[in-house]
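Here is the structure we will look at, set down as structure tokens.
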Amino acid sequence: MFKIGVMASGGGSNFKAIIDRIGEGDLEAQCKFLITNNAGCGAVGHATTYGIPVYHISGKTHPDQAAYEAALLEVLDKYDVDLLILAGYMKVLPVSLLKRMPDRILNIHPSLLPKFGGRGFWGLHVHEAVLAAHEKESGPTVHLVSEEVDAGRILGQRTVPVLDGDTPAELQARVLEQEHDLFWRVIKEYGENLVSSRA
Ligand code: GAR
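Mapped onto the numbering used here, the consecutive letters of the sequence shown carry residue numbers 50 to 248.
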């Protein structure tokens, strides 16, 4: 059993897929908190349903950068989680947080990295770029978070076809379906290895 914390900004379908798997016993982990930069996002509703504490921490709640970083670190210190999971978190993490959890922060990105990654590539923009480049395939990547955006070690990928006439939203839905099945499996394998390497 290992402990995770999750950060999310949007609809929260990846967050829900993870906590559903925990609830069903497929993923033997505890989710200790949700941090969001967007108090009105769908992820907050899912956390509430499962009784998971929610922390709203953003540039608005903490306009001072040092106070913002201290607030994030305070949550990490309080729960001492093994892994921090970025499930549709649209902000770049401060370096102080990366240094606190080296090789223990996992992100899901909706393209086949290293293609279509880096600053500016997030959410629907990624799928728009994939279609504009006339790619034949796309799919999600789970990777470790490092200082260079979307460039950390790749832990898992899935491939889906790009179909003639796809809209960005249609491609997004096809990729998202794979995200939901991929992310929890990678978290499980990575988390279990981490715990057993400590034993
Ligand atoms: C997902 O497609 C995720 O891969 C992407 O945002 C979506 C969030 O959906 N993440 C990024 O673009 C990060 N750069 P969700 O809120 O329904 O999980």
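Beta carbons are placed, not taken as given, at the ideal position from N, Cα and C, and that holds for glycine.
Same chain only: Cβ atoms within 6 Å of residue 151, ignoring 5 sequence neighbours per side:
Nothing listed; no residue qualifies.
Starting from residue 232, trace the alpha helix (DSSP H) both ways and give me its first and last residue.
For residue 232, the uninterrupted alpha helix (DSSP H) run begins and ends at 217-247, by DSSP.
Do the stretch 189-203 and the stretch 162-173 meet, that is, are 3 or more Cβ pairs less than 8 Å apart?
Contact holds: three or more Cβ-Cβ distances are below 8 Å.
Is residue 67 helix, strand or coil when you go by DSSP?
Residue state, collapsed to three classes: helix.
Looking at residue 163 and the ligand GAR, is the gap between the Cβ and the nearest heavy atom below 6 Å?
No, the ligand GAR has no heavy atom inside 6 Å of this Cβ.
State the DSSP-derived secondary structure class of residue 109, mapped to helix, strand or coil.
Residue 109 falls in the coil class under three-state DSSP.
Secondary structure of residue 178, DSSP reduced to three states:
Three-state DSSP puts residue 178 in a helix.
Going by DSSP in three states, residue 186 sits in which element: helix, strand or coil?
Correct three-state label for residue 186: strand.
Our contact map puts residue 187 next to residue 224 with C-beta atoms below 8 Å; I'd like the distance itself, whole angstroms only.
Their Cβ separation, rounded to whole angstroms, is 6 Å, which keeps residue 187 and residue 224 in contact under 8 Å.
Within 10 angstroms of the Cβ of residue 141, are there 16 or more other Cβ atoms? Answer buried if so, exposed if not.
Counting the other CB atoms within 10 Å of its CB gives residue 141 a total below 16, which places it among the exposed residues.
Taking 6 Å as the cut-off, does the CB of residue 59 come closer than this to any heavy atom belonging to the ligand GAR?
Checking the Cβ of residue 59 against the ligand GAR gives yes.
Mind checking which residues open and close the alpha helix (DSSP H) that includes residue 94?
Here the alpha helix (DSSP H) through residue 94 covers 91-99.
Tell me the residue span of the beta strand (DSSP E) that contains residue 57.
Segment 51-57, the beta strand (DSSP E) holding residue 57.
Integer-rounded CB distance, given that residue 105 should sit under 8 Å from residue 61
In fact, because the Cβ distance is near 14 Å, the residues do not count as touching under 8 Å.
Between which residues of its own chain and residue 243 is the CB-CB distance below 8 Å, once the five residues before and five after are set aside?
Same-chain partners within the cutoff: 51, 131, 132, 153.
Would you report the Cα separation of residue 65 and residue 143, rounded to the nearest angstrom?
Rounded to the nearest whole angstrom, the C-alpha separation of residue 65 and residue 143 is 25 Å.
Those residues which DSSP pairs with residue 103 across a bridge
Paired residues: 83.
Relative to the C-alpha of residue 231, which residue among 149, 158, 173, 72 is closest?
The residue among 149, 158, 173, 72 with its C-alpha nearest the C-alpha of residue 231 is 158.
Boundaries (first-last residue) of the beta strand (DSSP E) holding residue 135:
It spans 132-135 - the beta strand (DSSP E) in which residue 135 sits, taken as one unbroken run.
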